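Chemist: Numbering (the numbering used here), first residue to last: 3 to 197.
Don't be surprised by glycine CBs; every beta carbon is placed ideally from N, CA and C.
Just so we're clear, the structure is a prediction, and the values are computed from it rather than from any experiment.
This is the structure I want to talk about, given as structure tokens.
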């Protein structure tokens with residue numbers, strides 16, 4: 003039996019150390035989002051973000067690669083080896099399995115409302131989101147390429163990442179829906195529009 007990527011990377015119950023790391027990451031994200039919303043990306047320093055989050059500046063890069071990533075709450079996308087192995091061995095439809103993989107490995111901000119407000123207040127941040135999407139796409143391509151040719155891999159990844167972007171913008175999406183279910187629904191809508 004093949005497990006899903008989420009099950010493949012499941013670890014021990016959340017330890018105190020892991021909870022503290024999650025709290026620090028959230029504090030950095032909240033501080034960056036608030037400061038960048040108020041002052042713009044160029045009007046904020048990493049030191050200011052860290053001071054507001056009550057962490058040392060050295061700690062910042064343990065969680066985010068840039069001020070923009072911190073404000074957007076976006077992590078770099080790297081497909082964990084167990085998830086890549088799951089995808090390579092999976093026998094479902096390529097796009098269906100890719101929806102499962104993306105839902106399990108591509109992080110999105112949990113606070114869509116504040117993210118949308120940031121992008122309205124600071125439209126220059128939109129290019130950062132596009133850059134993150136391009137980086138995410140690149141990391142997924144090598145994994146998807148293990149099951150198909152390069153052109154099909156590019157098309158499938160582009161389709162699912164576009165569906166991810168649309169799903170993230172929808173206010174009507176229920177938070178208790180599984181991310182993979184939401185992705186599949188948007189992909190089906192796209193396919194229906196194209197036919």
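Does the region 78 to 89 touch the region 41 to 53, meaning 3 or more C-beta pairs lie closer than 8 Å?
Modeler: Contact fails: fewer than three Cβ-Cβ distances are below 8 Å.
Chemist: So, with DSSP's three-state summary, where would you put residue 36?
Modeler: Sequence index remark: in the chain shown, residue 36 carries index 34 (1-based). If DSSP states are grouped into helix, strand and coil, residue 36 belongs with the helices.
Chemist: Please go through the same chain and pick out, in chain order, the residues whose beta-carbon is closer than 8 Å to the beta-carbon of residue 42, but skip the five residues on each side of it.
Modeler: Indexing the chain shown from 1 puts residue 42 at position 40. Excluding sequence neighbours, residue 42 sits near 124, 126.
Chemist: Over what stretch of residues does the alpha helix (DSSP H) that includes residue 49 continue unbroken?
Modeler: On the chain shown, residue 49 is found 47 positions in, with the first residue counted as 1. Residue 49 -> alpha helix (DSSP H) spans 48 to 55.
Chemist: Looking only at its chain, what residues have a beta carbon closer than 7 Å to the beta carbon of residue 98, apart from the 5 residues adjacent to it on each side?
Modeler: Numbered from 1 along the chain shown, position 96 holds the residue referred to as residue 98. The answer, listed in chain order, is 186.
Chemist: Please list the terminal residues of the continuous alpha helix (DSSP H) segment that includes residue 84.
Modeler: Taking the first residue of the chain shown as 1, we reach residue 84 at position 82. Start and end: 83 to 91.
Chemist: Taking one C-beta from the region 62 to 81 and one from the region 156 to 167 each time, how about it: are there three or more such pairs within less than 8 Å?
Modeler: Segments in contact, no.
Chemist: Please state whether the Cβ-Cβ distance between residue 72 and residue 34 is less than 9 Å.
Modeler: Counting from 1 along the chain shown, the entry for residue 72 is found at position 70. Counting from 1 along the chain shown, the entry for residue 34 is found at position 32. Closer than 9 Å, so yes.
Chemist: Could you round the C-beta distance between residue 160 and residue 139 to whole angstroms and report it? I think they count as a contact, below 8 Å.
Modeler: Mapped onto the chain shown, residue 160 falls at position 158. Mapped onto the chain shown, residue 139 falls at position 137. Confirmed, about 7 Å.
Chemist: Confirm, please, whether the CB-CB distance from residue 81 to residue 141 is below 9 Å.
Modeler: Within the chain shown, the letter at position 139 stands for residue 141. Within the chain shown, the letter at position 79 stands for residue 81. Contact: yes.
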